[in-house]
Every structure is written in structure tokens, then in C-alpha cells.
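Asker: Have a look at the structure that comes next, please.
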Amino acid sequence: MKLLRYVSVFIIITAIGVLYDRYKKKWGILNIEQQNQENIQKYLLNEKSIINGKPILWIHNKYEVNSRNWDSFMSRNNKNLNQPYRRLCVDTIIKHCSNDFNICLIDDNSFSKLMSDWSISIDDIAEPIKTRFRRLALFKLLYNYGGMLIPSCSLVLKSLKPCYDKLLSKKDCFVGELIDKSNVSNTLKFFPNPSFIGCLKSSNSMRQIISFAEKNNDNSDVDKFDGTLNKYIFEMCENNKISLLDGKFIGTKYNDKPLTIEALMSSSFIKLHNNVNCIVLPEKDMMNRSKYQWFLRLSRNQLLEADTLISKYFIVSLGK
């Protein structure tokens, strides 16, 4: 009888221990997520973001209907970001750039708050026009305030400030070299892409880009519009009007080869250029290619533990 009682007590204590351990793990994870959320909230658009002397690092997030992670079975989609890897990217941006830049996290609702002459509600516009007006608004933000716009899917490895200062000491505007996905050129693997762009306040070059974008904004073919705009910016680089940021410094190429989604998702380590500042992750490939969509659903801990090149560089950046 006593033996049975001891066994029962042992089972109860063991069960309590297991539940407590799960509780600790659960709340430990929640605390980490809460800290990350508070960290991000600190840099969301606010008055302090644009009043001191540091240049602005603009990070734009577009919140679109997300059909990969559902709020419930009945909803089948939602408008939550649901992409922990992007939050982890923002963590790397904050860690390495917050001392040198005013980091300003914005969305489509921020434009009217920052520009009194912007009255267009991007939420009310359908694609493909929405993408073009969003890009135009971002160009105008840069013209009005200066600074640098980088994709929210940028895994930052070191401060971007030295690179920013060097590029703008020569010209009033620069653009990043990304892998050419739009087949703008039949011969070039890389092409200037304004998703990674920076300029001085009231930059004459940015004013010209805005003027070109406004004149061509009625083109309903997104790929054709993007190709035309990128060609125009390429010609500005060729004519020495704006600077081109070599892709080896922003992780879009290594040894003059494209750093593809296949390489980033592999377990093999690739040594990038010694002066690489960040890695612009191929977000569209991850979202559009079903083979890699599993990566979008990984939690923070899973992202850091995954056997991929991206995960290895997340650890290099965050030091954990």
C-alpha cells in the first residue's frame, strides 16, 4: 500500500515538474517575443525619429493579406506579418545601425503623416497601381528628408553608415545593385534596384527620378514599368550622375556570382566579401516558391537553429 502511495506521489511530482518546465519554456519564449516587439515599437514612426541630426534609415513594411498562416481555419488568411524572419532582420538592423541612424519603421499609412502634400490613400488603390504609388511615395520621402531606404528583409552584419557616408560624399544619390529578376538586361546578371537607395535631402538626382516615375506612372504593366524605371536609373549610373553600390557589399553577389535562394537555403557556408554590410534576402523567391515557404513559418529559435546559410549569418550578426 505504501509502495503504491509512493509511486502515485512520484508520478504527480514528475507531472508537475514537466508542466512547470513547459510553463517556463512557454513564458520564456513569450518574454523573448515581447522584448522583440517592444524593441520594434521603439523605432516605429514617431516625432523623435526625424528631429535629431542623424540620417534616417527608412524601413518600409507592406502588410498584405497573408494566406500562409491563418488566424483560424475559417479565416484562411489574415493581414498579420507572420514572418518571424523579417522581425529577426529588423533586429539586426537595430543592433548594427541604431547608433548611427534614426531608424524609422513605416507602412503605407505613414506617408500622409510625414508629407503634408501627400493625400493618396494607398490602401484604397488596387494592384498594380498600388506598388507604383508606394514607390513614388518612398522616393518623395527620401527627397524631403534624405537618408537611406533598405528592404525590410535585409540581414545587416555591420553599420551601414561608413558606406552611406562614402557614397554620398561623391554624389547626391546612390542605388544598390541587386540580382536582375525582371530581365531588364539580356546580358547583365545584376542591375540597379531602387528598393535599396539613398540620397541627400533635396537631392537633384532624386528629383529627376521622381519626375520620371510620375510621367510613367500610368503604365499598367508592373514589370514593364519596373524595367523602364530601372533602366533609367541604370543610365544615371552610367552617366555618372548617381553612385552604384556594388552587390558584393550588400550580399547579392559573391565572386561575381549571384547569391541565389538555393545557396542561401543550403547548409554549405559561403564566405562573402570582407566588407559586406548586409545580405538582402530574396523575399519574393521565398514567398513565391513553394519549396522554400517553410522558412517563412519558422519561429525565431528555429530560424537560428536551422541548417541554412541564412541562419548561419543571422547568428554571425546577432552573436547568438
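Residue numbers (my numbering): 377 to 696.
Beta carbons are placed, not taken as given, at the ideal position from N, Cα and C, and that holds for glycine.
On a predicted model such as this, the values are computed, not experimentally measured, just so you know.
1) At a cut of 8 Å, does the stretch 577-591 reach the stretch 534-550 through at least three beta carbon pairs?
2) Out of Leu-635, Asn-615, Glu-614 and Ile-618, state which residue places its alpha-carbon closest to the alpha-carbon of Lys-624.
3) Alpha helix (DSSP H) containing Ser-686: first to last residue?
4) Roughly how many angstroms lie between the CA atoms of Met-491 and Cys-539, to the nearest whole one?
5) Between the beta-carbon of Val-551 and the beta-carbon of Phe-566, is there less than 9 Å?
6) Taking the beta carbon of Ser-644 as the centre, do at least 16 other beta carbons fall within 10 Å, making it buried, or is it exposed?
7) Give me the Cα-Cα distance between Pro-570 and Leu-512, rounded to the nearest whole angstrom.
8) Have a look at Asp-683 and Ser-642 and give me their C-alpha separation to the nearest angstrom.
9) Please report the distance separating the alpha-carbon of Tyr-608 from that of Cys-575.
10) Quick one, which of Lys-516, Lys-591, Ile-655 and Ile-637 has its alpha-carbon nearest Ser-666's?
11) Residue ranges of each beta strand (DSSP E) run of no fewer than 3 residues wholly in the stretch 531-578, ordered along the chain?
12) The beta strand (DSSP E) that contains His-472, what's its start and end?
13) Just to confirm, is the Cβ distance from Leu-517 to Ile-526 under 9 Å?
14) Taking the straight line between their C-alpha atoms, what separation do you get for Asp-556 and Leu-685?
15) Would you kindly work out how many angstroms separate the C-alpha atoms of Asn-485 and Asp-493, rounded to a whole number?
16) Per DSSP, what kind of secondary structure is Leu-433 in: helix, strand or coil?
17) Measure the C-alpha to C-alpha separation of Ile-470 and Lys-489 and round it to an integer number of angstroms.
18) What's the gap between the Cα of Ser-675 and the Cα of Asp-632?
19) Taking the C-alpha atoms as reference points, what is the distance between Thr-507 and His-649?
20) With distances taken Cα to Cα, identify the nearest neighbour of Ile-435 among Ile-482, Phe-477 and His-472.
21) Gly-523 bridges to which residues according to DSSP?
22) Out of Ser-474, Ile-498, Asn-475 and Cys-465, state which residue places its alpha-carbon closest to the alpha-carbon of Lys-438.
23) Output needed for Lys-700: all residues of its chain with C-beta closer than 7 Å, excluding positions within five of it in sequence on either side, in chain order.
24) What would DSSP say about Ser-587, mapped onto helix, strand or coil?
25) Could you tell me the distance, in whole angstroms, from the CA atom of Ser-472 to the CA atom of Glu-590?
26) Just how far apart, CA to CA, sit Gly-522 and Cys-465?
27) If you drop the 5 nearest sequence neighbours on each side, which residues of the same chain put their C-beta closer than 7 Å to that of Arg-462?
28) When DSSP builds the beta bridges, which residues end up paired with Ile-482?
29) Mind checking whether Leu-605 and Asn-616 have CB atoms under 9 Å apart?
30) Looking at Tyr-689 and Leu-554, is the spacing between their C-beta atoms short of 9 Å?
Answerer: Once the coordinates are examined:
1) yes
2) Leu-635
3) Just to set this straight, residue 686 is Ile in the shown sequence, not Ser. Here the alpha helix (DSSP H) through Ile-686 covers 685-694.
4) 27 Å
5) no
6) exposed
7) 11 Å
8) 8 Å
9) 17 Å
10) Ile-637
11) 549-555 and 566-575
12) Premise fails: His-472 lies in the alpha helix (DSSP H), 460-473, not in any beta strand (DSSP E).
13) no
14) 21 Å
15) 14 Å
16) strand
17) 23 Å
18) 33 Å
19) 32 Å
20) Ile-482
21) Cys-575
22) Ile-498
23) Only positions 377 to 696 of the chain appear in this structure, which leaves residue 700 out of reach.
24) helix
25) Checking the sequence, you will find His at residue 472 rather than Ser. Roughly 35 Å between the two C-alpha positions.
26) 22 Å
27) Ser-528 and Cys-529
28) His-436
29) no
30) no
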